[in-house]
Amino acid sequence: MEVPRRQCEVGQGAMMHTSLPFRALNGLENADSLDTVIACLKKAVNRMIHARAAKDLLHGVPPGHPLHPLAVQLSIGAWTSAVILDPVPGTQTASEVLIASALPAVVSGWTAWAELHPQQQRVGVAHAAANAAGTLLFGVSWALRSKGHRGPGVVASAAALDTIAVGGTLCGHLACRLASGTNHAEEVPHLVAPGWQRLCELGGIPVKKIEKRSLGDVPFLVWRAADGSINVLSNKCSHLAGPMSEGKVYHSSSNPCVECPWHYSRFSMAPRSGPGSGHDPAGCV
Ligand code: FES
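For what it's worth, full-length UniProt numbering labels the leading residue of the sequence shown as 1, then goes sequentially.
Right under this line is the structure:
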């Protein structure tokens, strides 16, 4: 399901002054000429990674933390160490192990990317392209060294790390400017006063029907189970702030799970699945 486009030209222009190189990123976000390529890539990713259990694992549902930022540490650490150690005589820093260290980040990154909105996906494609170019340069470095050309191999490794730094900058833009991979329900506990709050009359809540209620401007989803127990969740999905009250309710063992209508993350008092691997947007009455 397509997520409505964000009006980023208005929102970001009002946020802060943006200097020249980063203004180009605003252009990248809105480069809809990339959308044909993105559609093909998305189809390919969804075809390759389609089992729900595999997707959940790659989104980081079992540990309750997005997997991509963790997996990235492996390759960044390996690549940075390799370049730092390059001047040490006798070290062989470019190898197939170094290149393979990117694999967990690549697989988890494409899985997360496939569930983003169009502007995030455009920047995400550029991020992936920069990292692919950097990885390729490490491959060139390895090939040069294997043939005894250590000097050019060292230069290729340094160029690889520089290219990956560009990819990292794009990743920072994705996370900090476009809020990709962040918990979109994080602010909810900070927007309501501490302690018990009066949300609605208990008698006004129907059984087994999702109801939307608000505390001030903060929307919540209210669910009353057949046994009369009440669950209250943030109405904003932690993945990309999808409207949870428009989702469906499923029952997993004794717990009701609400499925977000945008990318089908499920949230419950029990473990959940889907790209929203952040904290459960859960509250209580
Ligand atoms: S917004 Fe993506 S799963 Fe809810």
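We put the beta carbon where it would ideally sit given N, CA and C, even for glycine.
Under the three-state DSSP convention, the category residue i falls into
i, result
"K43", "helix"
"L199", "coil"
"residue 290", "The question about residue 290 has no answer here: the residues shown for the chain are numbered 1 through 285."
"V125", "helix"
"H65", "coil"
"I49", "coil"
"A159", "helix"
"T36", "helix"
"D280", "Bear in mind that a pLDDT of 48 at D280, under 50, signals an unreliable position, so the model cannot answer this."
"K55", "helix"
"G77", "helix"
"V72", "helix"
"V192", "coil"
"P89", "coil"
"H117", "coil"
Sequence-distant residues of its chain with Cβ nearer than 7 Å to residue i (five each side left out)
i, result
"V192", "L215 and V218"
"L116", "G124 and S180"
"E2", "Here the model assigns E2 a pLDDT of 48, short of 50, so the residue's position is not dependable and the matter cannot be decided."
"Q197", "L215"
"Q120", "L174, L178 and S180"
"A126", "L28 and L170"
"S108", "L58, L67, H68 and A71"
"G153", "A94, S141, L144 and R145"
Per DSSP, the bridge partner or partners of residue i
i, result
"K212", "L221"
"K236", "P243"
"E187", "Per DSSP, none; premise fails for E187."
"F267", "V258"
"K248", "E259"
"I84", "The partner list for I84 (beta bridge, DSSP) is empty, contrary to what the question assumes."
"V207", "R224"
"I230", "R224"
Close beta carbons around residue i, own chain, < 6 Å, minus the five adjacent residues each side
i, result
"G13", "The pLDDT assigned to G13 is 43, lower than 50, so where the model puts this residue is not dependable, and the model offers no usable value."
"R224", "I205, V207 and I230"
"W110", "V45"
"A159", "L137"
Residues near residue i by beta carbon distance below 8 Å, same chain, minus five either side
i, result
"F220", "L199, K212, R213, S214, V232, L233, S234, N235 and G283"
"A130", "T163, I164, V166, G167 and L170"
"S95", "W142"
"I38", "P118, Q121, R122 and V125"
Beta-carbon separation (whole angstroms), residue i vs residue j, contact threshold 8 Å
i, j, result
"M244", "V222", "Not confirmed; about 11 Å, so no contact."
"A156", "L137", "5 Å"
"S268", "N255", "5 Å"
"T36", "L161", "32 Å between Cβ atoms; not a contact."
Would you call the region 181 to 194 in contact with the region 235 to 252, where contact means no fewer than 3 C-beta pairs closer than 8 Å?
yes
Measuring CB atoms only, is the region 82 to 96 touching the region 52 to 63, in the sense that at least three cross pairs come out at less than 8 Å?
no
Does the count of Cβ pairs from the region 66 to 76 and the region 41 to 53 closer than 8 Å reach three?
no
Touch test, the region 103 to 115 against the region 62 to 73, Cβ-Cβ under 8 Å, three pairs minimum
yes
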